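As structure tokens, the structure follows; a few thoughts come after it.
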Amino acid sequence: MNSGRRRAVGLALGAAALVAVALGRRTPFLADDVPAYRQKGPAGAPVVVTEYSDFQCPKCALVQPDLKNLLAQYEGRVRLEFRPYPLKSHRWSGDASRAAEAAGLQGRYWEFADQLFAHQKEWADSPDPQPLFKDYAAAVGLDPARFEQDRTGDRVARIVDAARAHAEALPVPATPTFFVNKRVLVGDLQLQAMGARFIERELEK
Amino acid sequence: MKIPETFRRGLALGAPILRQFPGLVLLVSGYLKAVRPPEEFAAAMESYWVLPVAVVLPLARVVPWLELLTGLALCTGYATRRAAFLAAGLHAVFIALLGQSLVRGLTLKDCGCFGNLGPHLSPVQALALDAVLFLAALAVWTDRENRWSLDRWTERP
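Top line first, the protein sequences correspond to chains Y and W. Numbering-wise, the first sequence is residues 0 to 204 according to numbering that gives the first Met the number 0. Numbering-wise, the second sequence is residues 0 to 156 according to numbering that gives the first Met the number 0.
As structure tokens, this is what we get:
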């Protein structure tokens, strides 16, 4: 056996694999297009947590307390950017996202999102959740006429379609997915287990 | 165990083609996961509820590379028998994982085998594919002639 040739071939194969993977890797492109009403925290925060979430996804609702605890723990140093990713497999996700955008246009995005997550089962299982969305809008003090106009209008539909297209293009693998600056965490378990560690690492940079 | 002569000859002729099947599948599945952040594959593994999160992430960094290099070795015929043995071992582990998920009634839409970029197979489809590839890898492992392989080429004086 020609061991020198054999070793050289092995090294060449390993190098080819390394080069192919390096060429195939892409840095996630996080466009700076999140409206102000979907941002929480100081503008110049050293860490930006981007949340890709679907209002009808049970794990997205489940992770909210952990996320809020994390943001409270690093208050003033972390900004949250929320990006809706209404999955096509969820019947009312798109409607819920449009309703939340309409609430955002009145400056009540977070309050309305909390209502959607808190009452997820109620509206998700409903044959027609639109009256429930109106109830939640009233509960957070929205102007009902404007809410209805915005919720069913083209502007909000375009925003939600663009958000979905962005998430699909990235691609976001599942909901919820979080980016801590450019490092990804997929799912509620990873945020619970590694969210604080990822933020600490970014703060140390 | 003594392998019948006709089977051995047939295998020697067919092995170079046969090894392309597990080789290509491992190559593609490993590559598609290796180019993505390991947290994505870790999330797919977490959905099987077998290992704790702390163990899953290091594994998610290693397994795609193991698949990629094993697949590359099988396709090119480099360290063929070792690669075939490793491929059979990988497929056996995947079969065990998928099998336990079906027995436990976990409702997984995607096996996570090809990461987020590749084809999305259901656990039943993935189980069938892994069973076929496991047998193919075992058959390649029993072949000692290694025709049309880098092993043959590097063995030349």
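All residues carry an ideal CB built from backbone N, CA and C; glycine is no exception. Quick caveat: nothing in here was measured; it's all calculated off a predicted structure.
Practice item. Would you mind telling me which residues of chain W sit closer than 8 Å to Y/Asn1, beta carbon to beta carbon, in chain order? Key: Thr153, Glu154, Arg155, Pro156
**Study point:** Residues of the segment 74–106 of chain Y whose Cβ lies closer than 9 Å to any Cβ of chain W, in chain order
**Key:** Ser88
Exercise for review: Tell me where the alpha helix (DSSP H) around Y/Tyr51 begins and ends.
Suggested key: Note, Y/Tyr51: premise wrong, no alpha helix (DSSP H); beta strand (DSSP E) at 46–52.
Check your understanding: Just by C-beta distance, which residues in the segment 167–196 of chain Y are closer than 9 Å to chain W?
Key -> Pro170, Val171, Pro172, Ala173, Thr176, Arg182, Val183, Leu184, Val185, Gly186, Leu188, Gln189, Gln191, Ala192, Met193
Practice item. Answer yes or no: does any C-beta atom of chain W fall closer than 7 Å to that of Y/Ala16? Key: yes
Check your understanding: Roughly how many angstroms lie between the CA atoms of Y/Phe20 and W/Val34, to the nearest whole one?
Key -> Looking at the sequence shown, residue 20 of chain Y is not Phe but Val. Approximately 5 Å between the Cα atoms of the pair.
Practice item. Work out the CA separation of Y/Phe177 and Y/Leu190 for me, nearest whole Å. Key: 8 Å
Point to revise | Y/Asp142 beta carbon less than 7 Å from that of Y/Leu104 | key: no
Point to revise | Beta carbon of W/Leu97 nearer than 7 Å to that of W/Leu31 | key: no
Check your understanding: Using CA coordinates, which residue listed in W/Phe6, W/Arg7, W/Arg146 is at the minimum distance from W/Tyr77?
Key -> W/Arg146
Exercise for review: Confirm, please, whether the CB-CB distance from Y/Asn1 to W/Thr153 is below 7 Å.
Suggested key: yes
Check your understanding: For a contact meaning CB atoms closer than 7 Å, what does Y/Arg24 contact in chain C?
Key -> The question asks about chain C, but that chain is absent: this structure's protein chains are Y and W.
Practice item. May I ask you to report which of helix, strand or coil DSSP gives W/Pro57? Key: helix
Check your understanding: Where does W/Phe218 land, buried or exposed, given buried means 16+ other C-beta within 10 angstroms?
Key -> Only positions 0 to 156 of chain W appear in the structure, and residue 218 of chain W is not among them; the question remains open.
Check your understanding: Based on Cα-Cα distance, which residue from Y/Gln55, Y/Ala11, Y/Glu74, Y/Leu10 lies nearest to Y/Leu202?
Key -> Y/Glu74
Practice item. Find the nearest neighbour of W/Leu85 within the set W/Val54, W/Leu132, W/Glu4, judged by alpha-carbon distance. Key: W/Leu132
Point to revise | Of the residues Y/Ala99, Y/Phe197, Y/Arg182, the one placed nearest Y/Arg25, counting alpha carbons only | key: Y/Arg182
Review point. Should the segment 41–52 of chain W be called in touch with the segment 135–144 of chain W, which here means at least 3 C-beta pairs below 8 Å?
Key: no
Practice item. For Y/Lys39, write down the residues that DSSP places opposite it in a beta bridge. Key: Y/Leu79
**Study point:** CB contact flag (W/Arg18, W/Leu73, <7 Å)
**Key:** yes
Exercise for review: Go to W/Thr79, then tell me how far its alpha helix (DSSP H) extends in each direction, as first and last residue.
Suggested key: 79–102
Review point. Is there at least one Cβ from chain W nearer than 7 Å to Y/Val48's Cβ?
Key: no
Check your understanding: Taking the C-alpha atoms as reference points, what is the distance between Y/Leu22 and Y/Arg82?
Key -> 28 Å
Check your understanding: In this structure, does DSSP put Y/Thr176 in helix, strand or coil?
Key -> strand
Review point. Excluding five sequence neighbours on each side, which residues of the same chain lie with their C-beta closer than 7 Å to the C-beta of Y/Ser96?
Key: Phe54, Pro83, Pro85, Val159
Review point. Y/Val18 to Y/Arg163, Cα distance in whole Å?
Key: 32 Å
Practice item. Using a Cβ-Cβ cut-off of 7 Å, state whether W/Tyr47 counts as contacting chain Y. Key: no
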